[in-house]
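Participant: Pasting a structure below so you can have a look.
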Amino acid sequence: MHRCSEAAKAVEELEDVYVVHHWDCDGIASAAIVFTRRESHGLRTRFEIPPIETYDRSVYRRLGIDARNTLVVLDYAVYPESGVVFDHHRADPVGEALICNPVLSGADEMSYPSTTTVLQRYVGTGRLDLVALGIVGDLGSRALRTEWRRIVEEGAEIAGVSVEELVRCANILNTCYVMLDSEIVSYAREVLIRNGIKGVIADGKLSGVVSDIEDELKSIVSSVSPELEDSKVIMFRVRSRFSIVSKVGRALAERYPNKIVVVVGHVEGKNIDRIYVRSTSTNLSKVLQHLKRAGVGKSVGGKDWVFSVLCASSQCEDELPIVLKALREC
Ligand SMILES: [Mn+2]
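For the sequence shown, position 125 (counting from the first letter as 1) is numbered 220 according to the numbering used here, and the numbering increases by one without interruption.
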């Protein structure tokens with residue numbers, strides 16, 4: 096399970112790999128670290144973005160990657176049967192992949208707040224700017240109140256930006272996947288690799304994406320009202336053409352710091368229904384383990400303070416009662 100040195104060796108030596116990375120900031124920053132590291136050794140790296148919002152193993156069959164190429168999977172909580180994985184999610188390892196995920200070996204999540212910190216520790220990277228970007232991507236500006244503050248400040252300095260700008264860059268990259276458009280994610284990754292953090296901040300196309308999503312988020316958060324509320328749980332429903340449920344969930348978790356916030360999201364035109372759960376006050380890891388064991392929905396994944404269920408039924412009719420019951424009993 097904890098085969099970091101073998102995984103690192105593979106990344107440093109394999110001639111030709113396909114990197115499959117999560118669409119968010121940490122995934123993109125991790126992909127940039129692996130690319131630049133391998134480029135410096137003259138090794139070839141190509142990319143595939145898994146179909147957005149498909150968190151199951153069928154993704155690897157559908158990517159159509161030549162069996163002779165090795166898969167390198169980054170920050171993506173679904174593992175292939177073979178290849179190399181660097182991650183920090185609570186995932187289920189299957190098959191024979193070389194998995195480097197210290198969290199699965201018992202490390203606490205704050206020791207590895209991003210996949211970029213796993214890469215920093217085990218592959219080694221001279222790119223503290225990209226490491227910091229992944230940290231801020233997953234923790235938000237909360238990173239500045241943790242032991243990671245120094246790395247974030249150093250990373251910003253290396254990139255030639257302020258800490259606020261580093262946070263803005265992370266926000267831009269995290270917003271790209273909300274568009275549910277793998278081309279935008281690829282575009283963002285290329286801008287980051289070629290032009291760095293400053294380049295991402297200065298890019299007009301990426302700024303346009305962010306303002307579209309921010310407008311949508313503002314209008315949802317200002318008008319949404321709870322469908323259900325008790326002493327422990329508060330629940331909302333959200334419909335959008337974007338996969339905005341996690342952004343809405345983050346905003347509402349800050350508005351209701353003493354509750355477990357549940358947001359049932361429906362993406363229009365894509366039939367993607369998801370239950371997003373976040374709390375700033377209740378550790379959700381036991382509920383997450385319980386729901387995983389129960390095999391709820393198409394998949395369940397998350398961390399101590401947040402998890403998400405990809406539903407098999409429209410509007411999560413089957414899954415929602417099970418999730419709410421588990422949350423009330425936790
Ligand atoms: Mn991550």
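All C-beta atoms, glycine included, are put in the ideal place defined by N, C-alpha and C. It should be emphasised that the depicted structure is a prediction, and the values quoted were computed from it without experimental measurement.
Does DSSP classify K233 as helix, strand or coil?
Facilitator: The count along the sequence shown starts at 1 and reaches residue 233 at position 138. This sequence places Asp at residue 233; Lys is not what is there. In this structure, D233 counts as helix in the three-state DSSP scheme.
Participant: Compute the minimum distance between the beta carbon of D399 and the heavy atoms of ligand 1, and state whether it is under 7 Å.
Facilitator: Looking up residue 399 in the sequence shown gives position 304. Answer for D399: no, Cβ out of range of ligand 1.
Participant: Check whether the segment 105-113 and the segment 248-266 are in contact - that is, three or more C-beta pairs closer than 8 Å.
Facilitator: These segments do not touch.
Participant: Just to confirm my understanding: we take I308, look at its own chain, exclude 5 residues before and 5 after, and list those with CB closer than 8 Å. What are they?
Facilitator: Stepping through the sequence shown from its first residue, residue 308 is reached at position 213. T270, V273, M274, F337, I339, K342, listed in sequence order.
Participant: Around the C-beta of D121, are 16 or more other C-beta atoms found within 10 angstroms, so that it is buried, or is it exposed?
Facilitator: The residue given as residue 121 occupies position 26 in the sequence shown. Buried.
Participant: Measuring only the C-alpha atoms, how far is L138 from V106?
Facilitator: Along the sequence shown, read from residue 1 onward, the residue named residue 138 stands at position 43. Along the sequence shown, read from residue 1 onward, the residue named residue 106 stands at position 11. Straight-line Cα distance between these residues: approximately 9 Å.
Participant: In the structure shown, what three-state DSSP assignment does H385 receive?
Facilitator: As a working note, residue 385 is residue 290 in the sequence shown. Of the three classes helix, strand and coil, the one that applies to H385 here is helix, per DSSP.
Participant: Within 10 angstroms of the Cβ of A127, are there 16 or more other Cβ atoms? Answer buried if so, exposed if not.
Facilitator: Position 32 of the sequence shown, counted from the first residue, corresponds to residue 127. So A127 ends up on the buried side.
Participant: Quick one: what does DSSP say V372 is sitting in, helix, strand or coil?
Facilitator: As a working mapping, residue 372 is identified with position 277 in the sequence shown. In the structure shown, V372 sits in a strand (DSSP, three-state: E or B).
Participant: Within the same chain, show all residues whose beta-carbon is closer than 8 Å to that of E143, passing over the 5 residues directly before and after it, in chain order.
Facilitator: To locate residue 143, count along the sequence shown from 1; it is residue 48. Excluding positions up to five away in sequence, the list reads Y113, V114, V115, L158, I160.
Participant: Can you determine whether any heavy atom of ligand 1 sits closer than 7 Å to the C-beta of S209, and answer yes or no?
Facilitator: Taking the first residue of the sequence shown as 1, we reach residue 209 at position 114. The answer is yes for S209.
Participant: Can you confirm whether the segment 351-363 touches the segment 323-330 when touching is taken to mean that 3 or more C-beta pairs between the two stretches lie within less than 8 Å?
Facilitator: Counting Cβ pairs under 8 Å, three or more are found: they touch.
Participant: Considering only residues of the segment 271-308, which uninterrupted alpha helix (DSSP H) runs meet the minimum length of 4 residues and lie entirely inside it, listed in chain order?
Facilitator: Here the runs fully enclosed are 277-297.
Participant: If we call anything under 8 Å between Cβ atoms a contact, is T211 one with L199?
Facilitator: Reading the sequence shown from its first residue, position 116 is the one you call residue 211. Reading the sequence shown from its first residue, position 104 is the one you call residue 199. No, the Cβ-Cβ distance between T211 and L199 is not below 8 Å.
Participant: Assign G291 to buried or exposed, taking buried as 16 or more other Cβ atoms, counted over all protein chains shown, within 10 Å of its Cβ.
Facilitator: One-based indexing of the sequence shown puts residue 291 at position 196. The residue is buried, with at least 16 neighbouring Cβ atoms inside 10 Å.
Participant: Less than 8 Å between C-beta atoms, sequence neighbours within five positions excluded: which residues of the same chain meet that for V226?
Facilitator: If you number the sequence shown from 1, residue 226 lands on position 131. Same-chain partners within the cutoff: A124, I128, S209, T211, T212, L214, Q215, T220, I246, G250.
Participant: Can you tell which of D187, K104, Y371 has its C-alpha closest to the C-alpha of R332?
Facilitator: Here residue 332 corresponds to residue number 237 of the sequence shown, with the count starting at 1. When each option's Cα is compared against that of R332, the closest is Y371.
Participant: For C406 versus R369, is the C-beta spacing smaller than 8 Å?
Facilitator: Counting from one through the sequence shown, the residue named residue 406 turns up at place 311. Counting from one through the sequence shown, the residue named residue 369 turns up at place 274. Yes, the Cβ-Cβ distance between C406 and R369 is below 8 Å.
Participant: Would you please state the rounded distance, in angstroms, between the beta carbons of V304 and I279? I believe it to be under 8 Å.
Facilitator: Along the sequence shown, one-based indexing puts residue 304 at 209. Along the sequence shown, one-based indexing puts residue 279 at 184. Between I279 and V304 the Cβ distance is about 6 Å, and since that is below 8 Å, they are a contact.
Participant: Just to confirm before moving on: does the CB-CB distance between I253 and D224 stay below 8 Å?
Facilitator: Within the sequence shown, numbered from 1, the residue matching residue 253 stands at position 158. Within the sequence shown, numbered from 1, the residue matching residue 224 stands at position 129. Yes.
Participant: Would you mind stating whether V404 and E414 have Cβ atoms separated by less than 8 Å?
Facilitator: Your numbering for residue 404 matches position 309 in the sequence shown. Your numbering for residue 414 matches position 319 in the sequence shown. A contact, by the Cβ cut-off of 8 Å.
Participant: Residue ranges of each beta strand (DSSP E) run of no fewer than 3 residues wholly in the segment 158-233, ordered along the chain?
Facilitator: Complete beta strand (DSSP E) runs here, min 3: 165-169, 179-181, 193-195.
Participant: Go ahead and label V418 buried or exposed: buried means 16 or more other beta carbons lie within 10 angstroms of its beta carbon, across all protein chains shown.
Facilitator: Numbered from its first residue, the sequence shown carries residue 418 at position 323. Under this definition V418 is a buried residue.
Participant: In chain order, what residues of the same chain have a beta carbon less than 6 Å from the beta carbon of A172, not counting five sequence neighbours either side?
Facilitator: Numbered from its first residue, the sequence shown carries residue 172 at position 77. Only H184, A186, G396 meet the Cβ criterion.
Participant: Compute every distance between the C-beta of H183 and the non-hydrogen atoms of ligand 1, then say whether any falls below 7 Å.
Facilitator: In the sequence shown, counting from the first residue as 1, residue 183 sits at position 88. True, at least one ligand heavy atom lies under 7 Å from that Cβ.
Participant: Looking only at its own chain, which residues have a Cβ that is under 7 Å from the Cβ of S380, when we skip the five neighbours before and after it?
Facilitator: Position 285 of the sequence shown, counting from 1, holds the residue named residue 380. Closer than 7 Å at the Cβ level, and outside the excluded window around S380, lie D399.
Participant: Return yes when the C-beta of D203 is under 7 Å from any heavy atom of ligand 1, and no when it is not.
Facilitator: Translated into positions along the sequence shown, residue 203 becomes position 108. No, the beta carbon of D203 sits no closer than 7 Å to any heavy atom of ligand 1.
Participant: Among residues of its own chain, excluding the 5 on either side of E242, which ones have a beta-carbon nearer than 8 Å to its beta-carbon?
Facilitator: One-based indexing of the sequence shown puts residue 242 at position 147. Hits under 8 Å: M205.
Participant: What residue from A103, W118, G232, V258 has the CA that sits closest to R133's CA?
Facilitator: Translated into the one-based positions of the sequence shown, residue 133 becomes position 38. Cα-wise, what sits closest to R133 is A103.
Participant: Just the C-alpha distance for V359 and E101, rounded to the nearest angstrom, thanks.
Facilitator: Here residue 359 refers to the residue found at position 264 when the sequence shown is read from its first residue. Here residue 101 refers to the residue found at position 6 when the sequence shown is read from its first residue. Their Cα atoms are separated by approximately 40 Å.
Participant: Just the Cα atoms here: how many angstroms apart are S335 and D119?
Facilitator: Translated into positions along the sequence shown, residue 335 becomes position 240. Translated into positions along the sequence shown, residue 119 becomes position 24. S335 and D119: Cα-Cα distance of roughly 19 Å.
Participant: Less than 7 Å separating the Cβ of P121 from some heavy atom of ligand 1?
Facilitator: In the sequence shown, counting from the first residue as 1, residue 121 sits at position 26. Residue 121 is actually Asp in this sequence, not Pro. Yes, the beta carbon of D121 sits closer than 7 Å to at least one heavy atom of ligand 1.
Participant: Give the range of the beta strand (DSSP E) segment to which G137 is assigned.
Facilitator: For the purposes of this step, residue 137 is identified with residue 42 of the sequence shown, where counting begins at 1. Per DSSP, G137 belongs to no beta strand (DSSP E) and is neither H nor E.
Participant: Please determine whether the Cβ atom of D431 lies at a distance below 7 Å from any heavy atom of ligand 1.
Facilitator: Outside the displayed range of the chain (96 to 425) lies residue 431, so it cannot be described from this structure.
Participant: Given that a residue counts as buried once 16 or more other Cβ atoms are within 10 Å of its Cβ, and exposed if not, what is V218?
Facilitator: As a first step, residue 218 must be located in the sequence shown, where it is residue number 123. Buried, by the Cβ-count rule.
Participant: Can you tell me whether DSSP reads D151 as helix, strand or coil?
Facilitator: Locating residue 151 in the sequence shown gives position 56, where the first residue counts as 1. Correct three-state label for D151: coil.
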